[in-house]
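K.L.:
Just so you know, the sequences run in chain order A and B.
According to the working numbering, the first sequence is numbered sequentially starting from 21.
According to the working numbering, the second sequence is numbered sequentially starting from 5.
Glycine is no exception: its CB is placed at the ideal position from the N, C-alpha and C atoms.
Keep in mind it's a predicted model, so treat the numbers as computed, not measured.
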Amino acid sequence: MDASMISPFVSAIQNVFSTMFQLPVEVGEPKIKSGHKSTHDVSGIIGVSGEMTGTIVLSMPSNAASSIVSLLAGMEFEVDSPDFADAVGEIVNMISGNAKAEFQRRDVSISCPSVVIGSGHTIAVPTGTPCVMIPCATDCGEVVLEVALRETEAQATEQSSAAA
Amino acid sequence: MKILLIDDSKTMRNIQKSVLKQLGYTEIEEACDGQDALSKVGAFQPDLCLVDWNMPVMDGLTFVKNFRQNDKTTPLIMVTTEAEKSRVIEAIKAGVNNYVVKPFTPDLLSERITETLAKCSIGS
Chain A
21 MDASMISPFV SAIQNVFSTM FQLPVEVGEP KIKSGHKSTH DVSGIIGVSG EMTGTIVLSM
81 PSNAASSIVS LLAGMEFEVD SPDFADAVGE IVNMISGNAK AEFQRRDVSI SCPSVVIGSG
141 HTIAVPTGTP CVMIPCATDC GEVVLEVALR ETEAQATEQS SAAA
Chain B
5 MKILLIDDSK TMRNIQKSVL KQLGYTEIEE ACDGQDALSK VGAFQPDLCL VDWNMPVMDG
65 LTFVKNFRQN DKTTPLIMVT TEAEKSRVIE AIKAGVNNYV VKPFTPDLLS ERITETLAKC
125 SIGS
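1) Rounded to whole angstroms, what is the Cα-Cα separation between residue 94(B) and residue 116(B)?
2) Among 99(A), 165(A), 59(A) and 170(A), which one has its Cα closest to the Cα of residue 47(A)?
3) Compute the distance between the beta-carbons of residue 136(A) and residue 168(A), then report whether it is under 7 Å.
4) Please report the Cβ distance between residue 83(B) and residue 63(B), rounded to the nearest whole angstrom; I am assuming they are in contact, meaning their Cβ atoms lie under 8 Å.
5) Since residue 12(B) meets chain A, which of its residues come closer than 8 Å, beta carbon to beta carbon?
6) Taking the Cβ atom as the reference point for each residue, do residue 154(A) and residue 50(A) lie within a distance shorter than 7 Å?
7) Evaluate contact between the stretch 93-110 of chain A and the stretch 155-164 of chain A, counting only Cβ atoms and requiring at least three cross-stretch pairs below 8 Å.
8) Can you tell me whether residue 70(B) is helix, strand or coil according to DSSP?
9) Quick one: which chain A residues come within Cβ less than 7 Å of residue 87(B)?
10) Output the boundary residues of the alpha helix (DSSP H) element that contains residue 170(A).
11) Enumerate in chain order the residues of its own chain whose CB-to-CB distance from residue 113(A) is below 6 Å, with the five nearest sequence positions on each side excluded.
12) Are any of the Cβ atoms in chain A nearer than 7 Å to that of residue 16(B)?
13) Considering Cα atoms alone, identify which of 27(B), 121(B), 26(B) and 59(B) is closest to residue 40(B).
14) So which residues of chain B does residue 36(A) contact, with C-beta pairs closer than 7 Å?
15) Please report how far the alpha carbon of residue 157(A) lies from the alpha carbon of residue 105(A), in whole angstroms.
16) With 9 Å as the limit, tell me which residues of the stretch 60-78 of chain B have their beta carbon closer than that to any beta carbon of chain A; keep them in chain order.
17) Would you mind working out which of 67(A), 42(A), 129(A) and 127(A) sits nearest residue 110(B), comparing C-alpha positions?
18) Along the stretch 67-83 of chain A, where does the CB come closer than 9 Å to a CB of chain B? Name the residues.
19) Can you check which of these residues, 94(A), 115(A) and 38(A), is closest to residue 75(A) by C-alpha distance?
20) Please confirm whether residue 40(A) has its beta-carbon closer than 7 Å to some beta-carbon of chain B.
21) Return the Cβ separation of residue 113(B) and residue 100(B) in integer angstroms, given the expectation that the two are a contact with Cβ distance under 8 Å.
22) Chain B beta carbons: is any one of them nearer than 7 Å to that of residue 85(A)?
23) Mind checking which residues open and close the alpha helix (DSSP H) that includes residue 86(A)?
24) If I measure Cβ to Cβ from residue 34(A) and keep anything under 6 Å in the same chain, skipping five residues before and after, which residues do I get?
25) Could you tell me which residues DSSP puts in a beta bridge with residue 6(B)?
26) Between residue 106(A) and chain B, is any beta-carbon pair separated by less than 7 Å?
27) For chain B, is any of its Cβ atoms less than 7 Å away from the one on residue 171(A)?
28) Can you tell me which of 54(B), 42(B), 51(B) and 30(B) puts its alpha carbon nearest to the alpha carbon of residue 73(B)?
29) Mind pulling the chain B residues with CB within less than 8 Å of residue 103(A)?
30) Under 8 Å between beta-carbons, which chain B residues line up against residue 25(A)? List them in chain order, please.
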């Protein structure tokens, strides 16, 4: 996965957090994730299909997620309530949609979000797809955006032919 | 002024509802997907619909196409994370009158609602 696949997500999380929560995001050094264990307790997950496939995960400690959700919803929810999961799903949906718009000339679709809550859960990514973790420091705590994407075979072939 | 909010996220519907209330609109019905919305338009007879794109069961674009078969005039605003120019064009071709990309500020949503209603000559 090259840097051009990561930078749209950096801009997207900053845009969503500043527009919806007035929350500045300080992005740290991206690194490759090893293993499938979730980084934090709360995972908002979006599937990507089309000319790129993979997953986008917003991983948050439950206390940071609670603070961020309350900024979005204007009220506090229990972590195990459907409203909490709905809000987390909407946040990762906005980040993914925003980033997707930056993938010029690629026909990419995103799924409706899923949310998993609980310590130590695992999130499988497609075999052979590296997962890049983008650490993001906010006033509500650190959250991590995990991007595991690859171009589908047809798209990768087309791009290498164009480059040749 | 009757407004139908169509979004699978309750959080997003609540955010939009609060913007609408600030604008003075209180007669609001909610639907959680396109099919749910189609089942409600007959009885509710909305004067404006705010429609999300990506929803389970029936997406917003399919809703717009279905809705426009019987109603060519009621203003529709797509409120979505789908930000690509090609998507905006696709939505406009299907019959939406305006387009708001998430994330949005309350001011931007208010502006688009007011602008759309003015263009479609429906007073508040």
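P.N.:
According to the structure shown:
1) About 19 Å.
2) 165(A)
3) no
4) That belief does not hold up - the Cβ atoms of residue 83(B) and residue 63(B) are roughly 13 Å apart, past 8 Å.
5) Near residue 12(B) (Cβ distances below 8 Å), the residues of chain A are 132.
6) yes
7) no
8) helix
9) 117, 118 and 121
10) Here residue 170(A) belongs to no alpha helix (DSSP H); instead the beta strand (DSSP E) covers 161-171.
11) 133
12) yes
13) 59(B)
14) 107
15) 21 Å
16) 60
17) 42(A)
18) Within the stretch 67-83 of chain A, not one residue has a Cβ closer than 9 Å to any Cβ of chain B.
19) 115(A)
20) yes
21) No, residue 113(B) and residue 100(B) are not in contact; Cβ-Cβ is about 15 Å, not under 8 Å.
22) no
23) 82-93
24) These residues qualify, in order along the chain: 45.
25) 31(B)
26) yes
27) no
28) Taking only the C-alpha atoms, the option nearest residue 73(B) is 42(B).
29) 14 and 15
30) The premise fails here: residue 25(A) is roughly 16 Å from chain B at the closest Cβ pair, so nothing lies under 8 Å.
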